[in-house]
Amino acid sequence: MAARRALLAAAAAAGGRRGAAGAAAGPGPAPGAGAAPGAAPGAGTGRSRLYEHAREGLSARPQLDVTALSERDLERRRGPLGGAALREIVRTWARLGKVRDGIARLEAEKGRVAQGVREIMASHDKAAAKTHPELAALRERGRSLREQLRVLEAEESDLEQRFYLGALQLPNRTHPAVPVGDQSQARLLEVVGEKPVFDFKPKGHLELGEGLDIIRQRRLSHVSGHRSYYLSGAGALLQHALVTFTLRKLLSKGFLPMTVPDLLRGAIFEGCGVQPSATPSQVYTIDPARFEDLCLAGTSEVGIAGYFMDHAVQLQDLPVSTCYRTETDTGREPWGLYRVHQFTKVEMFGVTAAERGTESEELLDEFLGLQKEIFSELGLHYRVLDMPTEELGLPAYRKFDIEAWMPGRGKFGEISSASNCTDYQSRRLNIMYSGEGGQLSHAHTVNGTACAVPRLLIALLECNQLPDGRVRVPPVLQPLVGQEVLARPPAPLLRYIGPNQPGGGPPKMGEGA
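Under this note's numbering, the letters of the sequence shown match residues 55 to 567, in that order.
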């Protein structure tokens, strides 16, 4: 932690320790698979918004290190590309390097030829210069060099595009301790807290929320579509209490509060390892006919990474924003708050040095410790998992998930994750840090969910329920909610009078419901 803390101390000397806070939710969108394993570079989407962004001069070209990956890494990650594609990408990169060396040599010679022409023209009058025996040869050589450069520059452009279309689909390296396989191979690291025991059959969070009139999810498809919901009364207070509690906790640790844009360009998503053009995709894209290349952020991680893009940094941040995420597996849990399209969360994001090579691993452990502290103070029973290779997506070097016990569902459910992305995002987005002597190096990025409101509400409502349907409020949230126990209000807020009555047809005029 010494190198990272030194960076923070340097920032503090310039005007205070810098950090971040706000509201967003649940695990961020997983990177989409652009092509089948083993596909050729550039297969899948056929374009890269990040590469186009760089070609237009809007950002620096990604500085990718494809030689750090092995075919074994790709096989274990089961990402969009396989070993054959990696070999082709490496060959393309090698050829691109040779072409660029050739261009550099020809440009240098072209400069010498131009200097020779200038010297002749400067030392002779115009008539004598035209008949100088070396001038015609120099000009002919200049024409030949320009033609050779035209050919090589065309090849360079083609090779560069082929390289980036393939290389930007490659995953990060993998920590040697990560379990190999799919989700079933996740390694259990720790179980924390006491599992709640009931002398009655526990209800699910939606039944509890509807009974308390704090959650509404029914009769909303014609209002806001499927997988949407309203929180009202104590439900809204619980959301604000969770965000406020989390922010206070993290601000006390030195984080800087920050809000980020909801709308971001596709290039920023790609730089974070998220493919907005994948099919299917977990990213909402705004109508390109009106707003070209704008997407709704599925996690504050994308927005804060964009904040650092093309900048040299020396700090860690906690952003808060509204989170938008599509659910592509529509057959899974269509009711309740576990899988919804829009939700609120607090996200931690850190940028650290890589002087010793262990700083980002230490920061990941620190984020995990903060998550455990928050969930323990909320009184949750949860477990910590070291996620396997096939669950890392493209950017993560290592990822820890935390799952809380949800009695109504009868199983654990994911409430947060924390990932070390090493230099994967910084090489794509040109995020640097200043080392000793001011030398710039690629930073490492780490992200973690501190508070995913909908899934925390599930665990809190289901674990703190009473036999009569009331729900105890965790002690740390009681001052913020203003209640110790949530009880059903004397009368429901709304009475449905629409056409889809239980008995069929609309209610008659003057008829109660």
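Just so you know, even glycine gets a beta-carbon here, dropped at the ideal spot from N, CA and C.
Residue i - DSSP class collapsed to helix/strand/coil
i       : result
Cys-517 : helix
Thr-476 : coil
Gly-467 : strand
Glu-264 : helix
Pro-311 : strand
Asp-455 : strand
Ile-174 : helix
Ala-321 : helix
Pro-524 : For the sequence presented, residue 524 should be read as Arg rather than Pro. Residue state, collapsed to three classes: coil.
Ile-512 : helix
Arg-393 : coil
Val-539 : strand
Tyr-283 : coil
Arg-241 : strand
Ser-102 : coil
Gly-411 : coil
Val-120 : helix
Lys-257 : coil
Ile-301 : Looking at the sequence shown, residue 301 is not Ile but Leu. Correct three-state label for Leu-301: helix.
Phe-252 : coil
Glu-207 : helix
Beta-bridge pairing of residue i - partner residues as DSSP gives them
i       : result
Ala-506 : Lys-399
Pro-334 : Its beta-bridge partners do not exist; DSSP assigns none.
Asn-501 : Phe-403, Ser-473
His-496 : Met-486
Asp-179 : Its beta-bridge partners do not exist; DSSP assigns none.
Met-460 : Lys-465
Ile-143 : None; Ile-143 has no bridge partner.
Tyr-436 : Val-246, Ala-458
Cys-349 : Leu-318, Thr-339
Arg-270 : Tyr-284
Ala-366 : Met-486
Burial state of residue i, where buried means 16 or more other Cβ atoms lie within 10 Å
i       : result
Gly-464 : exposed
Leu-140 : buried
Glu-457 : buried
Leu-243 : exposed
Tyr-284 : exposed
Ser-275 : exposed
Ile-20  : Since the first residue of the chain shown is 55 and the last is 567, residue 20 is not available in this structure.
Gln-336 : buried
Pro-225 : buried
Thr-300 : buried
Gly-536 : exposed
Glu-401 : buried
Ser-414 : buried
Arg-200 : exposed
Straight-line Cα distance separating residue j from residue i
i       : j       : result
Asp-347 : Phe-254 : 52 Å
Gly-327 : Pro-449 : 5 Å
Gly-109 : Val-500 : For clarity, residue 109 is Arg in the given sequence; the question names Gly instead. One C-alpha to the other measures close to 28 Å.
Pro-187 : Glu-161 : 24 Å
Ala-407 : Pro-334 : 35 Å
Leu-520 : Pro-556 : 29 Å
Leu-494 : Arg-193 : 42 Å
Val-314 : Val-205 : 45 Å
Pro-311 : Ser-354 : 12 Å
Gln-202 : Thr-476 : 40 Å
Pro-250 : His-435 : 8 Å
Gly-265 : Phe-397 : 22 Å
Phe-429 : Val-539 : 19 Å
Phe-252 : Pro-461 : 9 Å
Check whether residue i and residue j have beta carbons under 8 Å apart
i       : j       : result
Gly-357 : Leu-318 : yes
Gly-390 : Leu-260 : yes
Arg-482 : Leu-104 : yes
Ala-17  : Ile-485 : Past the boundaries of the shown model lies residue 17; the chain is included only from 55 to 567, so the question cannot be answered.
Leu-439 : Ala-295 : no
Thr-228 : Lys-399 : no
Arg-452 : Val-234 : no
Arg-526 : Asn-518 : yes
Leu-262 : Leu-515 : yes
Gly-360 : Ile-322 : yes
Ser-488 : Ala-366 : yes
Leu-135 : Gln-215 : no
Glu-444 : Arg-131 : yes
Leu-123 : Thr-298 : no
Leu-219 : Ser-113 : no
Val-153 : Val-120 : no
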